[in-house]
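For reference, the structure is listed below as structure tokens.
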Amino acid sequence: MRISKVLVLAVFFVLGFAGGSSTAGENETRLQQIKAAYVYKFAGYVDWPETSREERPAFTVGVLGDNPLGSALFALESRTYDGGPVAVRQIASVAEAISCHVLFISESETQRLDEIVARLHGQSVLTVSEIDGFVEAGGMIQLMVHKNKVRFSINLIAARQAKLNIHASLLALARHVIQ
Amino acid sequence: MSYRRAVFLCACLGLMLTGPQAHAQDDENDFLDMSLQSLMEVEGMPIDVLTTHIHPKGEWMIRYQFMTMPMEGNRVGADSVSTENVLQGYKVSPTRMTMQMHMVDVMYGWTDDLTVMVMMPFVQSSMDHVTRGGASFTTGASGLGDVSLMAHYNMALHGPHSVVFVGGLSMPTRSIDAVDDTPAGEQSLPYPMQLGSGTFDLKQGISYIGQTRNWAFGADAKGTFRLGENSQQYSLGNRFHSSVWATRRLYRWSALSLQLASERWGDVAGADPRLNPAMVPTADPDLRGGWRLDTRVELSFFIPSGSFQNQRFFIDAVLPAYQNLHGPQLELSHVVRFGWEWRF
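As you go down the protein sequences, you meet chains A and B in turn. Per my numbering, the very first residue in the first sequence carries number 1396; after that it's consecutive. Per my numbering, the very first residue in the second sequence carries number 106; after that it's consecutive.
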């Protein structure tokens, strides 16, 4: 019986360890980290116009609204894009978003999505979001979870209007392409 | 609990605790280093969740598991009692019972928040007895058990935390008329040897699931409530289960889980008129309840790609840490379970 009690305590200890010992790098879910990786990977399949490159020397990922990806998104700053650094910024306004290459629009902005899309119209900002109906509303890439895996849809018309060239290989991987 | 079991559990604890370092080195930044094509094959949920869980809309899961559950020796309260002691109060004493179960579960993600499930058990039970006169005999029963229809509903999802409600109905698809030969001729088998409850049973529970990159953890509480009496004028006792658990991904393809579970079950209400409770303790409706604290260890292997993609193989062992039984009642030795599941 004494061994049993010790084992019970040991199991409680492990469960306590499981619940409380997560390091800073483990605070995000797998799904958050996967989605953040998607945001980074998309950049490799998109060409921004030359003028955009001159105006925005550092590759910048912005997040508008409550950041649903947590520090997983800021982990992109450890990577490079086209030989240069990657900056991740919390964006306070749509006007500020124009300085970004990629803008992740949080679901907290659902109510004013039409306004955001309208104000970014024609700007070379790759918009990404998980909002339902995002690409139908004029956004460019919508992330979604399907059968436990992250998938995406693309609005090629919106990308072209923003002078962004999305590679055919990315279009081929999309679940749905509006063109 | 034996020394060997203690060593086994301690080895599992050690593996679980030392796993994080090995895994962190193996997986650091791996999502960012993957190609987009590889990333699209990565599963969003942890490799293993030990409790009620939700499947994405349109996803099916088929699971087969085999379980063997031997019970040996009798207890009264928390204390073991000898067969001789049992035979001072009864003409026959059970000495050992083995229940083996083949279980097929089918789950389907009706929506992203609602998963429905059918559970179909096939049960084989045998019980060894000894009489006051020293004779021994074995009875057995086998067949389809009670089929359950369940629904799992995602009540709340906030970041890495979710709360899932589970509700369902167990149907009396198995008769409670099992008989077998005994020294007194063909007799109805006692309560633990009948393969079904004979009643519609309401099953309800709630689970919390949390997850980080390499850990899944949670707690759950579930109850089985008998709805009325069966055709033999009794109903089995209600059952209550609660547990805390944690799962650690060891590598991309394996996980180790530990669970501490409480099982509490009541005595039989009413009495089967075919049974003589003075003959054997298993026929006494007032000697069926109890409480048990179990430790469970599970090792699972997940196949993420290739021909066997989305299939999982698992093996687990349940070792009771404490038992307090309305007895004399057979005590659990251990449970061993292994199985396979496939999501598509």
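All C-beta atoms in this analysis are idealised placements derived from N, C-alpha and C, irrespective of residue type, glycine included. Owing to the predicted nature of the structure, the values given are computational and were not obtained by experimental measurement.
Inset, instruction - Work out the CA separation of Val-1530 (chain A) and Leu-1551 (chain A) for me, nearest whole Å. - result: Residue 1551 (chain A) sits at position 156 when you count from the first residue of the first sequence. Residue 1530 (chain A) sits at position 135 when you count from the first residue of the first sequence. Taking the straight line from one Cα to the other gives about 9 Å.
Legend entry - At least three beta-carbon pairs within less than 8 Å, the segment 188-195 of chain B to the segment 380-394 of chain B: yes
Inset, instruction - Measure the Cβ-Cβ separation of Tyr-1435 (chain A) and Leu-1468 (chain A) and say whether it is below 7 Å. - result: The residue given as residue 1435 (chain A) occupies position 40 in the first sequence. The residue given as residue 1468 (chain A) occupies position 73 in the first sequence. No, these two residues do not count as a Cβ contact at 7 Å.
Legend entry - Gln-142 (chain B): contacting residues in chain A (beta-carbon distance under 8 Å): By 1-based counting over the second sequence, the position of residue 142 (chain B) is 37. Simply Leu-1568.
Inset, instruction - Would you kindly work out how many angstroms separate the C-alpha atoms of Tyr-339 (chain B) and Phe-270 (chain B), rounded to a whole number? - result: Taking the second sequence and counting its residues from 1, one reaches residue 339 (chain B) at position 234. Taking the second sequence and counting its residues from 1, one reaches residue 270 (chain B) at position 165. Taking the straight line joining both Cα atoms gives about 29 Å.
Inset, instruction - State the Cα-Cα distance for the pair Gln-1537 (chain A) and Val-1545 (chain A), rounded to the nearest angstrom. - result: Residue mapping note: residue 1537 (chain A) aligns to position 142 of the first sequence, counting from 1. Residue mapping note: residue 1545 (chain A) aligns to position 150 of the first sequence, counting from 1. Whole-angstrom Cα-Cα distance: 10 Å.
Inset, instruction - In angstroms with no decimal places, state the Cα-to-Cα distance between Leu-1559 (chain A) and Ser-348 (chain B). - result: Looking up residue 1559 (chain A) in the first sequence gives position 164. Looking up residue 348 (chain B) in the second sequence gives position 243. Those two C-alpha atoms are separated by around 53 Å.
Inset, instruction - Take Phe-345 (chain B) and list the residues in its own chain whose beta-carbon comes closer than 6 Å to its own, dropping the five residues that flank it on each side. - result: The residue labelled residue 345 (chain B) in the question sits at position 240 within the second sequence. Gly-328 and Arg-369, listed in sequence order.
Inset, instruction - Using alpha carbons as the reference points, say which of B:Ala-246, B:His-207 and B:Val-252 lies closest to Gly-444 (chain B). - result: For the purposes of this step, residue 444 (chain B) is taken as residue 339 along the second sequence, with counting starting at 1. The shortest Cα separation from Gly-444 (chain B) among B:Ala-246, B:His-207 and B:Val-252 belongs to B:His-207.
Inset, instruction - Please determine if the segment 282-295 of chain B and the segment 242-249 of chain B are in contact, where contact requires at least 3 C-beta pairs separated by less than 8 Å. - result: yes
Inset, instruction - Examine the Cβ distances between the segment 1491-1503 of chain A and the segment 1452-1461 of chain A and report whether three or more of them are shorter than 8 Å. - result: yes
Inset, instruction - Please report how far the alpha carbon of Thr-1455 (chain A) lies from the alpha carbon of Val-1523 (chain A), in whole angstroms. - result: On the first sequence, residue 1455 (chain A) is found 60 positions in, with the first residue counted as 1. On the first sequence, residue 1523 (chain A) is found 128 positions in, with the first residue counted as 1. Distance between the alpha carbons of Thr-1455 (chain A) and Val-1523 (chain A) is about 13 Å.
Legend entry - Ala-129 (chain B) - DSSP class collapsed to helix/strand/coil: Stepping through the second sequence from its first residue, residue 129 (chain B) is reached at position 24. For Ala-129 (chain B), the predicted model reports a pLDDT of 40, less than 50, meaning its position is unreliable; a value from the coordinates is still stated below. Ala-129 (chain B): helix per DSSP, three-state reduction.
Legend entry - the segment 356-366 of chain B touching the segment 398-413 of chain B, judged by at least three CB pairs closer than 8 Å: yes
Legend entry - Reference Val-1481 (chain A), options A:Lys-1430, A:Arg-1451 and A:Thr-1505, closest by Cα: Translated into positions along the first sequence, residue 1481 (chain A) becomes position 86. Checked all of A:Lys-1430, A:Arg-1451 and A:Thr-1505; the closest Cα to Val-1481 (chain A) is A:Arg-1451.
Inset, instruction - Would you mind reading off the limits of the alpha helix (DSSP H) that contains Phe-1437 (chain A)? - result: Along the first sequence, one-based indexing puts residue 1437 (chain A) at 42. Here the alpha helix (DSSP H) through Phe-1437 (chain A) covers 1425-1438.
Inset, instruction - Check Ala-1563 (chain A) in the structure and name its three-state DSSP category. - result: Sequence index remark: in the first sequence, residue 1563 (chain A) carries index 168 (1-based). Residue state, collapsed to three classes: helix.
Inset, instruction - Could you confirm whether any beta carbon from chain A is found closer than 7 Å to the beta carbon of Val-228 (chain B)? - result: Reading the second sequence from its first residue, position 123 is the one you call residue 228 (chain B). Chain A, which has no Cβ nearer than 7 Å to the Cβ of Val-228 (chain B), makes this no.
Inset, instruction - Given a cut-off of 7 Å, decide if Pro-433 (chain B) and Val-235 (chain B) are closer than it, judged by their beta-carbon atoms. - result: Indexing the second sequence from 1 puts residue 235 (chain B) at position 130. Indexing the second sequence from 1 puts residue 433 (chain B) at position 328. Not in contact: Val-235 (chain B) and Pro-433 (chain B) (Cβ atoms no closer than 7 Å).
Legend entry - C-alpha gap between Arg-237 (chain B) and Gln-364 (chain B), whole angstroms: As a working mapping, residue 237 (chain B) is identified with position 132 in the second sequence. As a working mapping, residue 364 (chain B) is identified with position 259 in the second sequence. Cα-Cα distance, rounded: 40 Å.
Legend entry - Counterpart residues of Leu-345 (chain B) in DSSP-defined beta bridges: Within the second sequence, residue 345 (chain B) is the residue found at index 240, counting from 1. Rather than Leu, the amino acid found at residue 345 (chain B) in this sequence is Phe. Phe-345 (chain B) is bridged to B:Gly-328 and B:Arg-369.
Legend entry - Selection from B:Val-441, B:Trp-447, B:Glu-446 and B:Leu-437 that minimises the alpha carbon distance to Val-181 (chain B): In the second sequence, counting from the first residue as 1, residue 181 (chain B) sits at position 76. The candidate whose alpha carbon is nearest that of Val-181 (chain B) is B:Leu-437.
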